[in-house]
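>
4 protein chains.
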Amino acid sequence: MNFSSDTSAPAHPAVLEALAGVNNGMQPSYGADEVTARLRNELTRVLETDDFDFWLCASGTAANALALSCFCPPMGAVLCHDEAHIARDERSAPEFFTGGGKLQLLPGEGAQIDETALREALAGIKPDFVHETPAHVLSLTNLTESGTAYPAGRVKHFSALAKDAGLMVHLDGARFANALVSTGASPAEMSWKARVDVLTLGLTKTGAMGCEIIILFGSARQKFNELKARAKRSGHMPPKMRYLAAQAIAMFADDRWLALATNANQRAREISNLLCRDGQTELVHPVEGNEIFVRLSESNLRALTDAGATFYPWIGGSHRLVTSWSTPAGTVERLSDLLA
Amino acid sequence: MNFSSDTSAPAHPAVLEALAGVNNGMQPSYGADEVTARLRNELTRVLETDDFDFWLCASGTAANALALSCFCPPMGAVLCHDEAHIARDERSAPEFFTGGGKLQLLPGEGAQIDETALREALAGIKPDFVHETPAHVLSLTNLTESGTAYPAGRVKHFSALAKDAGLMVHLDGARFANALVSTGASPAEMSWKARVDVLTLGLTKTGAMGCEIIILFGSARQKFNELKARAKRSGHMPPKMRYLAAQAIAMFADDRWLALATNANQRAREISNLLCRDGQTELVHPVEGNEIFVRLSESNLRALTDAGATFYPWIGGSHRLVTSWSTPAGTVERLSDLLA
Amino acid sequence: MNFSSDTSAPAHPAVLEALAGVNNGMQPSYGADEVTARLRNELTRVLETDDFDFWLCASGTAANALALSCFCPPMGAVLCHDEAHIARDERSAPEFFTGGGKLQLLPGEGAQIDETALREALAGIKPDFVHETPAHVLSLTNLTESGTAYPAGRVKHFSALAKDAGLMVHLDGARFANALVSTGASPAEMSWKARVDVLTLGLTKTGAMGCEIIILFGSARQKFNELKARAKRSGHMPPKMRYLAAQAIAMFADDRWLALATNANQRAREISNLLCRDGQTELVHPVEGNEIFVRLSESNLRALTDAGATFYPWIGGSHRLVTSWSTPAGTVERLSDLLA
Amino acid sequence: MNFSSDTSAPAHPAVLEALAGVNNGMQPSYGADEVTARLRNELTRVLETDDFDFWLCASGTAANALALSCFCPPMGAVLCHDEAHIARDERSAPEFFTGGGKLQLLPGEGAQIDETALREALAGIKPDFVHETPAHVLSLTNLTESGTAYPAGRVKHFSALAKDAGLMVHLDGARFANALVSTGASPAEMSWKARVDVLTLGLTKTGAMGCEIIILFGSARQKFNELKARAKRSGHMPPKMRYLAAQAIAMFADDRWLALATNANQRAREISNLLCRDGQTELVHPVEGNEIFVRLSESNLRALTDAGATFYPWIGGSHRLVTSWSTPAGTVERLSDLLA
């Protein structure tokens with residue numbers, strides 16, 4: 001029973017089959033190949049628009065930092081949640097890629113930005129006041145870092161507030177599929193229809209080997225050449241791009257990515273229900289995706305530990321358990337027996 | 001007949017088999033997995049030492065820039081050939097990763113640094129003269145950007161000169177295997193025995209899907225933690241590292257990487273011989289690896305073009321043809337007929 | 001009645017006399033002149049040690065950012081108060097000079113860091129955990145951004161905590177003289193005796209034309225060559241350095257800087273007493289230097305406004321009034337009449 | 001006899017009088033003062049246009065790097081002469097301020113860019129080829145680093161070539177007055193009329209204490225807010241700006257700057273004539289400003305050394321002698337006796 005992270009899961013077999021499927025013949029390097037061209041078609045279908053440009057890279061940190069660096073200048077700031085992955089877990093990648101820009105941290109329950117705090121931050125921007133660092137981008141994460149999901153309507157509402165203040169909107173979708181499945185929103189509804197300008201659509205945690213997509217929508221497409229130049233100079237222009245594109249195609253085929261996220265979310269819900277059965281274990285945040293943040297009762301903690309389950313201690317004595325596409329139904333059964 | 005680039009070749013089937021072979025079960029993320037641990041053993045065998053640390057990433061630009069940034073401070077410079085890949089083809093990645101360091105360009109035939117120019121540059125370093133940017137690193141490329149090979153003795157000689165002046169030595173080994181096969185040097189002889197401090201050992205062009213290894217030797221290992229931090233913040237810490245490690249293991253197994261490079265080099269030699277048969281086609285540089293830089297006769301150019309061969313025009317009216325592990329012997333035969 | 005800022009005050013006449021006094025003959029450039037050498041002697045007297053190196057520059061932002069960049073690497077962080085000048089008012093200069101380092105913001109009353117928060121932040125540093133950005137420096141400001149003064153003992157206590165956690169200690173002394181006068185500490189007691197590693201000693205607000213001194217103490221002196229290189233490449237190596245040094249000499253002569261700060265502090269105390277006489281005006285922070293943060297009664301606000309006094313509105317409906325070396329006793333008398 | 005550098009000269013007395021003249025009363029900080037406003041009027045007269053914006057700073061390195069950083073993005077390059085001050089003597093300040101941009105070095109006699117090399121470099125720019133770093137700015141220096149002067153017509157011609165290729169044009173005018181006096185061009189003719197977009201007009205070497213002006217012309221003014229933000233975050237927004245503005249006003253009054261440069265240039269001409277009288281001493285470059293690059297005869301070298309004259313050895317066994325506004329006619333007479 002390994003609940004350490006969805007990044008510890010293997011890739012879905014279909015992903016490996018897809019790699020083998022494109023492993024023949026010469027193909028132009030750096031994204032000019034026909035597999036990457038096919039991915040564009042798949043994305044058009046998935047996103048219900050062709051008003052986008054995209055780039056592929058192999059880590060979420062790269063995808064986020066590249067996306068932000070196209071819209072936040074060195075003397076600007078990014079508004080994000082205090083617990084955002086870009087603020088806590090990326091070793092100052094945004095500061096590096098933007099050339100010394102800043103993150104301006106906002107509070108809020110469940111790693112969701114508090115609306116009042118957002119409104120105040122937006123109202124406080126003085127673009128012409130040279131001493132302060134004005135925000136240029138609002139960055140949201142969905143699924144959030146606490147495993148909760150912003151409904152598409154809330155993303156759209158926050159986007160509208162940000163845009164009225166002249167900001168661009170970035171969505172960190174490292175667990176985008178989990179958020180879609182959780183809220184019932186379509187990819188379009190959770191991105192460009194919610195006025196998101198740039199989406200980092202993660203597939204690695206969902207079941208790929210290593211594949212993240214940066215997607216620019218509408219007017220943000222003006223930055224596509226800059227994005228490519230920034231990708232190149234940061235080493236995120238893999239020569240044999242077809243192998244990234246093939247992963248994404250395999251994930252989107254038959255909406256496999258959503259099916260895999262559905263499994264992960266459902267296991268998380270089942271496991272959290274099992275854990276809470278004893279009336280003493282308490283959820284720290286509602287389980288709206290594939291992550292469980294929980295204050296375990298002593299007996300539950302002991303039972304899990306004794307069974308050799310893997311999971312991380314979290315802040316304030318809580319714990320985090322993560323499920324993935326590969327968490328089998330059998331694990332829930334075993335756990336049910338264990339905790340009984 | 002596609003001679004555009006070795007980055008356009010597919011991956012060797014053994015690489016894909018290796019990916020499938022490690023695609024089961026949970027593994028710790030970010031390099032703590034057992035596949036990466038196995039790679040360490042393979043590298044120890046290949047390099048004939050265990051006095052090294054290594055990191056994996058997916059592009060040569062990333063590998064070079066990360067390596068350089070550990071040894072060249074923002075107010076320092078890197079000595080390299082005027083035609084070095086880091087100077088010409090990486091969109092100022094070294095300047096970005098070092099935080100604004102400089103490249104100091106040196107001349108030399110066949111993309112090999114001229115010894116006199118190197119000695120003058122080294123003699124001119126004034127570390128305490130605050131106005132100038134002193135060199136901290138010498139970066140060599142082998143196979144060079146002109147397809148020639150430095151013998152291991154020459155690398156060692158240049159390293160000694162650089163070290164006497166207080167510099168560290170970096171070797172850009174995007175086509176390391178081709179250089180080894182060409183010169184007959186062992187990996188050890190061409191790296192740590194030649195006093196190289198940090199090697200970027202490329203496997204992508206040799207036949208992997210996307211896998212470059214940064215290797216720190218001896219005292220350079222002190223920078224390993226810094227290297228990891230820099231990899232993290234530049235997005236070069238892929239969560240599912242096992243899939244990078246597996247590629248490298250497959251390449252090193254049974255010295256496959258050397259066998260593949262042998263094929264590429266041999267095809268290049270055969271093709272260049274065919275091209276020169278007409279007495280009018282001239283090599284711009286000796287063919288010492290898998291790249292041919294050539295001034296084609298009109299008839300040869302026409303024959304190739306008519307046959308739909310793919311290759312790039314190069315500077316001064318010359319052309320570049322590149323072979324790879326996947327260039328079949330049949331191609332040489334076809335070409336022989338074509339040019340007859 | 002201009003209470004806008006101490007940066008709006010002129011220079012003390014002695015400063016201009018000092019400039020004229022060194023304005024003859026040729027002098028080596030970039031700090032090798034004899035005036036700068038004389039300043040070293042003055043500083044040795046003032047600081048009661050000769051175990052230091054120093055550099056001169058013309059803005060406090062430059063002094064702070066240069067100081068921090070010598071001790072915080074691009075992948076590191078600086079602990080500072082949430083309201084610190086380096087965090088709020090320097091347009092991300094620390095992020096720029098460190099090459100993308102981070103500020104980690106701590107809470108606390110009166111712009112003084114809360115000890116518990118500091119201890120937690122220090123305890124939370126995981127230098128080997130590659131995903132997070134570990135703090136390398138603690139930066140304190142004295143006089144603080146709220147006009148309060150840390151006693152030397154508190155600086156020393158915080159330094160000790162920081163050093164136990166492996167951090168270096170920076171003191172932003174833009175209003176250092178005001179803090180000394182306020183607390184009765186000597187320059188030595190408030191800097192190296194309090195285990196401060198690097199002090200930015202500001203003289204501009206105290207009465208110079210434009211002169212800030214970066215001082216490295218003890219083991220921090222190892223970074224002096226790096227500091228000079230960073231100063232050079234950021235344009236903070238003024239060729240005719242003697243004119244910066246002369247200003248500092250004039251300020252230290254006869255402890256003029258302390259006398260000027262004494263005047264500024266005393267005027268602030270007198271004015272705040274006058275303002276509070278009506279029983280309705282309330283200080284937001286204790287007045288421990290030359291800055292008054294105050295919630296003015298309606299009648300006081302009207303009286304000041306009607307008299308054409310200049311001062312800034314501050315957060316939450318409060319106001320800030322700043323005195324300087326040039327605020328005459330007469331201003332207090334006029335104000336007394338006005339508010340009567 | 002001190003010929004070490006014009007940066008070793010004192011300030012002209014009128015500059016110090018001007019400082020004293022503005023040293024009274026409160027003035028808004030950071031450039032909003034009335035002295036800086038007066039300077040704008042002076043500049044309008046001097047430049048014969050009001051279609052400009054300007055910023056003041058205290059070092060030429062800062063002025064150049066700030067100017068370049070507004071027009072060259074992190075993934076772009078600046079074309080300049082191989083011996084340009086920005087390339088040789090600024091410790092990679094341009095790379096730092098641009099966030100990792102590149103300098104692309106061009107050859108040419110007398111530190112003047114060779115037109116053929118310029119045309120080739122411009123023709124070689126491939127803005128859409130993501131692997132290379134395309135030039136965005138052409139930077140010229142006048143007076144050049146070899147003491148020669150570009151005529152205004154040549155600057156205009158090079159500007160036209162650059163603009164046809166989509167570049168902006170920067171002029172490093174650390175010795176702008178010397179170039180004007182030498183060529184007879186007006187400030188307007190040598191800047192905006194020659195299609196220069198951004199001029200760094202140096203006054204420090206001409207006779208100020210420390211004052212350089214960055215001037216944006218015409219469409220380049222769109223970058224003025226960005227310039228201020230970059231100045232702020234690099235510590236080049238001195239709070240008491242009036243003291244910089246006063247220096248510039250004093251220099252422009254009665255065209256003092258040109259008179260001072262006239263003296264410097266004339267002394268250089270006289271001294272170079274004296275040195276060459278022996279028929280054995282040879283000029284390395286024509287003396288077109290206040291710098292003499294010369295291969296001294298043995299007897300001249302001995303005579304100067306014995307007399308205790310100060311000057312620097314230069315490349316290839318040559319020497320550099322620099323005059324300034326403060327080099328008296330008496331020095332020439334003394335030298336004449338000495339060398340007789």
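First to last, the protein sequences are chains A, B, C and D.
Position 304 of the first sequence, counting from 1, maps to 304 under the UniProt record's numbering, and the rest follow consecutively.
Position 33 of the second sequence, counting from 1, maps to 33 under the UniProt record's numbering, and the rest follow consecutively.
Position 340 of the third sequence, counting from 1, maps to 340 under the UniProt record's numbering, and the rest follow consecutively.
Position 28 of the fourth sequence, counting from 1, maps to 28 under the UniProt record's numbering, and the rest follow consecutively.
All residues carry an ideal CB built from backbone N, CA and C; glycine is no exception.
Note that the coordinates shown come from a computational prediction; the quantities given were computed from them, not determined experimentally.
1. Expressed to the nearest angstrom, what Euclidean distance is found between the alpha-carbon atoms of A/K205 and A/D172?
2. Could you please give the first and the last residue of the uninterrupted alpha helix (DSSP H) stretch that includes B/A248?
3. If distances are taken between C-alpha atoms only, which option among C/I86, C/S297 and C/F311 comes closest to A/E132?
4. Taking the CB atoms as reference points, tell me whether B/M1 and B/T262 lie closer together than 8 Å.
5. To the nearest angstrom, report how far apart C/R233 and B/L103 are at their CA atoms.
6. Bridge partners for residue 362 of chain A per DSSP, in chain order?
7. In chain D, what lies closer than 8 Å to A/D128 by C-beta?
8. Quick one: Cα of C/R154 to Cα of C/L180, how far?
9. Where does C/H85 sit, in a helix, a strand or coil, going by DSSP?
10. Within 8 Å (strictly less), CB to CB, does C/R242 reach chain A?
11. Checking contacts by CB at 8 Å: is B/R221 closer than that to chain C?
12. Between the alpha carbons of D/D254 and C/H170, how many angstroms are there, rounded?
13. Roughly how far, in whole angstroms, is the beta-carbon of D/G207 from the beta-carbon of D/A174, given that I think they are within contact range, below 8 Å?
14. Determine, for B/F54, whether the minimum Cβ-Cβ distance to residues of chain A falls below 8 Å.
15. Helix or strand or just coil, what does DSSP make of A/V322?
16. Taking only beta-carbon atoms, is D/P313 less than 8 Å away from chain C?
17. Cβ of C/K240 within 8 Å of Cβ of D/M209?
18. Who are C/W55's beta bridge partners in DSSP?
19. Where are the alpha helix (DSSP H) runs, 4 residues long or more, that stay fully inside the segment 17 to 76 of chain B, in chain order?
20. Short of 9 Å Cβ to Cβ, which residues in the segment 88 to 120 of chain B face chain D?
21. Could you please tell me which residues of the segment 62 to 80 of chain C, in chain order, have their CB closer than 7 Å to any CB of chain A?
22. Just to check my reading of the structure: B/I249 and B/A32 have Cβ atoms closer than 8 Å, yes? What is that Cβ distance to the nearest angstrom?
23. Output the boundary residues of the beta strand (DSSP E) element that contains C/I315.
24. Who are the Cβ neighbours of A/D114 in its own chain at under 7 Å, not counting the five residues just before and after it?
25. Closer than 6 Å by C-beta to D/A162: which residues in its own chain qualify, once you throw out the five before and the five after it? Chain order, please.
26. Just to confirm, are B/L275 and B/N300 a CB contact at a threshold of 8 Å?
27. Just to check my reading of the structure: C/L121 and C/A111 have Cβ atoms closer than 8 Å, yes? What is that Cβ distance to the nearest angstrom?
28. Name, please, each residue of chain A whose Cβ falls closer than 9 Å to the Cβ of B/H236.
29. Can you list the residues of chain C that A/T133 reaches, using a CB-CB cut of under 7 Å?
30. How big is the Cα-Cα spacing for A/V322 and B/Y30?
31. For C/I292, does the three-state DSSP call read helix, strand or coil?
32. Given B/R119, which residues of its chain have a CB within under 8 Å of its CB, disregarding the five upstream and five downstream residues?
33. Report the rounded CA-to-CA distance for C/N178 versus A/C80, giving the unit in angstroms.
34. Less than 8 Å between the beta carbons of D/L66 and D/I214, yes or no?
35. Looking at the structure shown, is A/L275 part of a helix, part of a strand, or coil, going by DSSP?
36. Under 7 Å Cβ-Cβ, which residues of chain D neighbour C/A9?
Walking through what the data contain:
1. Counting from 1 along the first sequence, the entry for residue 205 of chain A is found at position 205. Counting from 1 along the first sequence, the entry for residue 172 of chain A is found at position 172. Taking the straight line from one Cα to the other gives about 13 Å.
2. Here residue 248 of chain B refers to the residue found at position 248 when the second sequence is read from its first residue. Counting along the chain, the alpha helix (DSSP H) containing B/A248 begins and ends at R242 to F252.
3. Taking the first sequence and counting its residues from 1, the one referred to as residue 132 of chain A is at position 132. With distances taken between Cα atoms, A/E132 lies closest to C/I86.
4. As a first step, residue 1 of chain B must be located in the second sequence, where it is residue number 1. As a first step, residue 262 of chain B must be located in the second sequence, where it is residue number 262. It is not a contact, given that the beta carbons lie outside the stated cut-off.
5. By 1-based counting over the third sequence, the position of residue 233 of chain C is 233. By 1-based counting over the second sequence, the position of residue 103 of chain B is 103. Going from the Cα of C/R233 to the Cα of B/L103 covers about 16 Å.
6. Residue 362 of chain A lies beyond the stretch modelled for chain A, which goes from 1 to 340, so this question has no answer here.
7. What you label residue 128 of chain A is simply residue 128 of the first sequence in a count that begins at 1. Simply N225.
8. Taking the third sequence and counting its residues from 1, one reaches residue 154 of chain C at position 154. Taking the third sequence and counting its residues from 1, one reaches residue 180 of chain C at position 180. For C/R154 and C/L180, the distance between alpha carbons rounds to 13 Å.
9. Looking up residue 85 of chain C in the third sequence gives position 85. Reduced to three states, the DSSP call for C/H85 is helix.
10. The sequence position of residue 242 of chain C within the third sequence is 242, counting from 1. Not closer than 8 Å to any Cβ of chain A, the Cβ of C/R242 fails to qualify, so no.
11. Taking the first residue of the second sequence as position 1, residue 221 of chain B is located at position 221. It does not; no Cβ of chain C falls within 8 Å.
12. Position 254 of the fourth sequence, counted from the start, is the residue given in the question as residue 254 of chain D. Position 170 of the third sequence, counted from the start, is the residue given in the question as residue 170 of chain C. Straight-line Cα distance between these residues: approximately 47 Å.
13. Mapped onto the fourth sequence, residue 207 of chain D falls at position 207. Mapped onto the fourth sequence, residue 174 of chain D falls at position 174. Contact doesn't hold; Cβ gap of about 13 Å is too wide.
14. Against the second sequence, residue 54 of chain B aligns to sequence position 54. With 8 Å as the cut-off, B/F54 does not count as an interface residue toward chain A.
15. For the purposes of this step, residue 322 of chain A is taken as the residue at position 322 of the first sequence. In the structure shown, A/V322 sits in a strand (DSSP, three-state: E or B).
16. The residue given as residue 313 of chain D occupies position 313 in the fourth sequence. Taking Cβ atoms only, chain C never reaches closer than 8 Å to D/P313, which makes this a no.
17. Here residue 240 of chain C is taken as the residue at index 240 of the third sequence, counted from 1. Here residue 209 of chain D is taken as the residue at index 209 of the fourth sequence, counted from 1. Yes, Cβ-Cβ distance for C/K240 and D/M209 is below 8 Å.
18. Within the third sequence, numbered from 1, the residue matching residue 55 of chain C stands at position 55. C/W55 is bridged to C/I214.
19. 34 to 47 and 60 to 69
20. R88, D89, E90, R91, S92, A93, P94, E95, F96, F97, T98, G99, G100, G101, K102, L103 and L105
21. P74 and M75
22. Along the second sequence, read from residue 1 onward, the residue named residue 249 of chain B stands at position 249. Along the second sequence, read from residue 1 onward, the residue named residue 32 of chain B stands at position 32. At roughly 16 Å, the Cβ-Cβ gap does not stay under 8 Å, so B/I249 and B/A32 are not in contact.
23. As a first step, residue 315 of chain C must be located in the third sequence, where it is residue number 315. It is not in any beta strand (DSSP E) - C/I315 carries neither H nor E in the DSSP assignment.
24. For the purposes of this step, residue 114 of chain A is taken as residue 114 along the first sequence, with counting starting at 1. Closer than 7 Å at the Cβ level, and outside the excluded window around A/D114, lie L106, P107 and G108.
25. As a first step, residue 162 of chain D is located in the fourth sequence; it is residue number 162 there, counting from the start. Excluding sequence neighbours, D/A162 sits near L138 and V169.
26. In the second sequence, counting from the first residue as 1, residue 275 of chain B sits at position 275. In the second sequence, counting from the first residue as 1, residue 300 of chain B sits at position 300. Going by C-beta atoms, B/L275 is nearer than 8 Å to B/N300.
27. For the purposes of this step, residue 121 of chain C is identified with residue 121 of the third sequence, where counting begins at 1. For the purposes of this step, residue 111 of chain C is identified with residue 111 of the third sequence, where counting begins at 1. In the sequence as presented, Leu is not what sits at residue 121 of chain C; that position holds Ala. Rounded, the Cβ-Cβ distance is 16 Å, inconsistent with contact.
28. Counting from 1 along the second sequence, the entry for residue 236 of chain B is found at position 236. Residues of chain A passing the Cβ test: A58, S59, T61, A62, S234, G235 and H236.
29. Walking along the first sequence from the start, residue 133 of chain A turns up at place 133. Result: R91 and S92.
30. As a first step, residue 322 of chain A must be located in the first sequence, where it is residue number 322. As a first step, residue 30 of chain B must be located in the second sequence, where it is residue number 30. Going by the C-alpha atoms only, they are around 17 Å apart.
31. Walking along the third sequence from the start, residue 292 of chain C turns up at place 292. Note: C/I292 maps to strand in three-state DSSP.
32. Sequence index remark: in the second sequence, residue 119 of chain B carries index 119 (1-based). Same-chain partners within the cutoff: L161.
33. The residue you call residue 178 of chain C lines up with position 178 of the third sequence. The residue you call residue 80 of chain A lines up with position 80 of the first sequence. Spanning the two alpha carbons is a distance of roughly 37 Å.
34. Here residue 66 of chain D refers to the residue found at position 66 when the fourth sequence is read from its first residue. Here residue 214 of chain D refers to the residue found at position 214 when the fourth sequence is read from its first residue. In this structure, D/I214 lies closer than 8 Å to D/L66 by Cβ.
35. Numbered from 1 along the first sequence, position 275 holds the residue referred to as residue 275 of chain A. Of the three classes helix, strand and coil, the one that applies to A/L275 here is helix, per DSSP.
36. One-based indexing of the third sequence puts residue 9 of chain C at position 9. Those are M26, listed as they occur along chain D.
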